[in-house]
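Take 153 as the starting number for the sequence shown in our numbering and just add one per residue.
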Amino acid sequence: MESQAATMSSIPDPIGLSSWLALNSESLKPPVNAMYLYSGKDFILMAVGGPNTRNDYHINETEANHFSYQVSYDFPGITLCLYPLSIFHLSSPIYLVANTPHSPRRSKDTIGLVMERTRPPQMIDRVRWYCGNTEAHGGVPTIIREESFYCEDIETQLKEVIDNWMEDENSRRCGSCGVISPAH
Ligand SMILES: [Zn+2]
Numbered sequence: 153m154e155s156q157a158a159t160m161s162s163i164p165d166p167i168g169l170s171s172w173l174a175l176n177s178e179s180l181k182p183p184v185n186a187m188y189l190y191s192g193k194d195f196i197l198m199a200v201g202g203p204n205t206r207n208d209y210h211i212n213e214t215e216a217n218h219f220s221y222q223v224s225y226d227f228p229g230i231t232l233c234l235y236p237l238s239i240f241h242l243s244s245p246i247y248l249v250a251n252t253p254h255s256p257r258r259s260k261d262t263i264g265l266v267m268e269r270t271r272p273p274q275m276i277d278r279v280r281w282y283c284g285n286t287e288a289h290g291g292v293p294t295i296i297r298e299e300s301f302y303c304e305d306i307e308t309q310l311k312e313v314i315d316n317w318m319e320d321e322n323s324r325r326c327g328s329c330g331v332i333s334p335a336h
């Protein structure tokens with residue numbers, strides 16, 4: 153009985169998403185607008201609000217699941233751009249294979265839920281920007297900049313990398329064609 157009581161007391165309360173959002177949705181701030189609902193030993197669960205201000209592609213070595221919780225009726229809602237370019241409108245959950253460059257573009261009044269793995273040791277996240285001047289590169293995807301890091305806290309680390317891109321115009325200059333990419 154004692155061990156059963158101990159086990160039960162270690163189970164956290166369920167997360168009431170509506171009440172969580174009522175308390176926290178104002179804190180979902182650009183550029184990424186992400187906040188942990190839960191960060192555990194095996195998984196993290198984040199709420200991500202819209203509109204966001206980012207044009208990077210994020211690459212995880214681990215798998216992820218993306219859900220739309222609340223989508224306004226204004227098109228396009230949440231879209232997930234994958235590279236090479238394919239675009240999904242997140243009206244249903246999407247499972248993202250590891251190492252897929254993905255760029256979530258979130259509209260006003262949308263909330264996405266993203267479940268990812270707590271990063272195992274050696275698993276490195278990358279954030280990448282491609283040159284939008286595709287004509288100059290004959291349609292070949294051309295990377296302008298890529299940052300990599302071990303992701304312990306996605307809320308702060310991703311924001312830091314993206315803020316740096318937005319603030320530093322030189323870092324947005326394509327080394328091949330010279331065009332400066334927009335900040336977001
Ligand atoms: Zn270029």
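Even glycine gets a Cβ: it sits at the ideal position worked out from N, Cα and C.
When Cβ pairs closer than 8 Å are counted between the two stretches, the stretch 323-334 is seen to touch the stretch 264-284, the count reaching three or more. Within the chosen limit of 6 Å, ligand 1 does not reach the beta carbon of Ser-333 with any heavy atom. Linking Lys-260 to Gly-202 through their CA atoms gives a straight-line distance of about 5 Å. Judged by pairs of C-beta atoms under 8 Å, the stretch 204-222 touches the stretch 251-259, as three or more such pairs exist.
Going by C-alpha positions, Glu-319 is about 27 Å away from Val-292. The closest CA to that of Lys-181, considering only Ser-328, Glu-312, Ser-323, Cys-329, is found on Glu-312. In the DSSP assignment, Met-318 falls within the unbroken alpha helix (DSSP H) covering 306-319. Counting of Cβ neighbours within 10 angstroms places Asp-165 among the exposed residues, the total staying below 16.
Looking only at Asn-212, Glu-287, Ser-244, Arg-325, the smallest Cα-Cα distance to Pro-273 is reached by Asn-212. In this structure, the C-beta of Ser-328 approaches ligand 1 to less than 6 Å from one of its heavy atoms. Three or more beta-carbon pairs separated by less than 8 Å link the stretch 174-188 to the stretch 301-311, which places the two stretches in contact.
Within the chosen limit of 6 Å, ligand 1 does not reach the beta carbon of Thr-286 with any heavy atom. Contact between Thr-270 and Phe-195 is confirmed by a C-beta separation of about 6 Å, below the 8 Å threshold.
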